[in-house]
Amino acid sequence: MAGGSDSYHEPYELLTEESKNMHRALVTVMEELEAIDWYQQRAEACSDADLKKILLHNKNEEIEHAMMSLEWIRRNNPVFSDQAKTYLFSNGPITEVEKNAMDGGGARGSGGSAPAAGGSLGIGSLKKGRK
Amino acid sequence: MDLLKRDLAPILDEAWEAIDNEARRVLKLNLAGRKLVDFNGPFGWEFAAVNLGRLELIRDQPVPGVSVGRRRVQPLIELRTPILLDTMELDSIARGADDPDLGPVVEAAEKIAHAEDNAIFNGYREAGIAGIIESSPYAPLEIPADGLHYPHAIVQAKELLREAGVSGPFALAAGPKAYNEISQGSEDGYPIRKRIEQQIIDGPIIWAPSIDGAVLLSIRGGDFELTVGQDLSIGYAYHERQNVELYLTESFTFRVLEPAAAIYLRHASELEV
Chain V
18 MAGGSDSYHE PYELLTEESK NMHRALVTVM EELEAIDWYQ QRAEACSDAD LKKILLHNKN
78 EEIEHAMMSL EWIRRNNPVF SDQAKTYLFS NGPITEVEKN AMDGGGARGS GGSAPAAGGS
138 LGIGSLKKGR K
Chain Y
792 MDLLKRDLAP ILDEAWEAID NEARRVLKLN LAGRKLVDFN GPFGWEFAAV NLGRLELIRD
852 QPVPGVSVGR RRVQPLIELR TPILLDTMEL DSIARGADDP DLGPVVEAAE KIAHAEDNAI
912 FNGYREAGIA GIIESSPYAP LEIPADGLHY PHAIVQAKEL LREAGVSGPF ALAAGPKAYN
972 EISQGSEDGY PIRKRIEQQI IDGPIIWAPS IDGAVLLSIR GGDFELTVGQ DLSIGYAYHE
1032 RQNVELYLTE SFTFRVLEPA AAIYLRHASE LEV
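Chains as they are written, first to last, in our numbering: chain V, 18 to 148; chain Y, 792 to 1064.
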């Protein structure tokens, strides 16, 4: 199993309990994502309709597991949390989300389809050469 | 939910988008200061003051031998202007109407842009903000009644800045009258505006409705600083059967770090007043 001590990259005794738990969560997410990929491919190639349904069901279960583990990581790591707040459930081109967040104080619209962060209109600087 | 409480407004996504887009369009057109000064932020609602890095010594010592200094800061101000909208009109956007009446959004955006620019250029004493014009150490230069002499006046202004050791690029913030005169004037068939932008200053001429006259300033950076907490945002106030009241808000302060980096040009008639 990937979550066992065989997947540690540093001597086990040098790692804190915090790092060990984070490792467990991270490899769990990796395994779930890998399983989603497997089930997706298997379902696509499967010639039996009933089995295909089961495989897709399993895939969706793995997505749930991945999200639960990801949420544990977010709650236990402030950098994950900050990045999640910036990117998840944002609107517009993903590559521009960070810039909008810098200009508007966050990327999430607070109401309806409001695009910029915290309801900000994202005006920022209008000086040429700088957003 | 945050301070703007947008989730509580009986406004559909399509209508929010139309409101935000209209406000954005008008703000970008009307905000002149942000096209010229350094922008610091936005730092959000919690950001309350700019650290000035200085101490104000308190004379009374709490304990003999212990001196006390109070840190000097420049607090941000919060602006807020209401937007009263008809809910039926907003719902018509979701029905596909492409000409909704968003006049109150335009009006509010113009007002708040004017308030921000007024603080930047003319200052706002009650808020502890010194404006670019009042901070300038130079005597105002006169714009001759004849619009054709703008190039000469701007060359003169630029030389004064250079003599004071202020380098470019330079930009001209022009009030409505000055902007019109510059835009409409021509010299032997050659547009004055082009001559100023291409041959005299190496920056833009910006329409600045909050200025009487014009200001020539360096846009090299480090001279003027707009610090924004919550950037321009639209929030929800209340609603009843027919109307919903929103508001346009922001928090900011402005500092002139190098007063000598700008010079004011006034029309002759304004000099006499």
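Note that beta-carbon positions come from the ideal geometry of N, C-alpha and C, so glycine has one too.
Locate the alpha helix (DSSP H) running through residue i, then write down its first and last residues.
| i | result |
| --- | --- |
| H74/V | 66-93 |
| A944/Y | 941-954 |
| A904/Y | 894-913 |
Tell me the rounded alpha-carbon separation between residue i and residue j.
| i | j | result |
| --- | --- | --- |
| W807/Y | A904/Y | 20 angstroms |
| F1015/Y | L1048/Y | 6 angstroms |
| K102/V | R850/Y | 47 angstroms |
| L822/Y | E813/Y | 14 angstroms |
| L233/V | D804/Y | Outside the modelled stretch of chain V, which goes from 18 to 148, sits residue 233/V, for which no answer is possible. |
| L1007/Y | G887/Y | 46 angstroms |
| Y981/Y | K968/Y | 20 angstroms |
| R92/V | Q100/V | 12 angstroms |
| L932/Y | S926/Y | 15 angstroms |
| V841/Y | I868/Y | 11 angstroms |
| E837/Y | D1022/Y | 12 angstroms |
| W55/V | S98/V | 28 angstroms |
| N38/V | I90/V | 10 angstroms |
| A133/V | E113/V | Here A133/V scores only 48 on pLDDT, less than 50, and its place in the model should not be relied on; the value that follows carries that caveat. Spanning the two alpha carbons is a distance of roughly 11 angstroms. |
| M879/Y | G894/Y | 15 angstroms |
| A124/V | D23/V | Confidence at A124/V is low in this model, with a pLDDT of 32, below 50, so the placement of that residue is unreliable and no value is reported for it. |
| E1041/Y | A60/V | 52 angstroms |
| F1045/Y | N913/Y | 11 angstroms |
| R953/Y | A930/Y | 15 angstroms |
Between the Cα of residue i and the Cα atoms of the options, which residue gives the shortest distance?
| i | options | result |
| --- | --- | --- |
| L1056/Y | N1034/Y, L951/Y, Q865/Y, G1020/Y | L951/Y |
| A83/V | N38/V, E35/V, K144/V, A52/V | A52/V |
| G1012/Y | N831/Y, G1026/Y, G887/Y, S1001/Y | N831/Y |
| A962/Y | D993/Y, A944/Y, P855/Y | D993/Y |
| L138/V | K796/Y, Y970/Y, R815/Y, I997/Y | R815/Y |
| G824/Y | G922/Y, G894/Y, F834/Y | G922/Y |
| D890/Y | R797/Y, L820/Y, I810/Y | I810/Y |
| V896/Y | L876/Y, F912/Y, A885/Y, Y915/Y | L876/Y |
| L794/Y | I802/Y, F1043/Y, I1025/Y | I1025/Y |
| R984/Y | L939/Y, G894/Y, S858/Y | L939/Y |
| H943/Y | I991/Y, V957/Y, I997/Y | I991/Y |
| Q1033/Y | D798/Y, I802/Y, K796/Y, R797/Y | I802/Y |
May I ask you to list the residues that DSSP assigns as paired with residue i?
| i | result |
| --- | --- |
| Q865/Y | V841/Y |
| I1010/Y | Beta-bridge pairing links I1010/Y to no other residue. |
| R41/V | In DSSP, R41/V forms no bridge with anything. |
| E880/Y | Note: E880/Y sits in no beta bridge, so no partner. |
| E1016/Y | D829/Y, R1046/Y |
| H26/V | H26/V is not bridged to any residue. |
Starting from residue i, follow the beta strand (DSSP E) in both directions and report where the run begins and ends.
| i | result |
| --- | --- |
| E1041/Y | 1034-1047 |
| I934/Y | 932-934 |
What runs of the beta strand (DSSP E), each 3 residues or longer, lie entirely inside the region 801-833 of chain Y? Counting only runs of 3 or more, we get 829-831.
Beta strand (DSSP E) runs wholly inside the region 947-1006 of chain Y, at least 3 long, in chain order: Runs of beta strand (DSSP E) with 3 or more residues, each lying fully within the region 947-1006 of chain Y, are found at 961-965, 996-998, listed in chain order.
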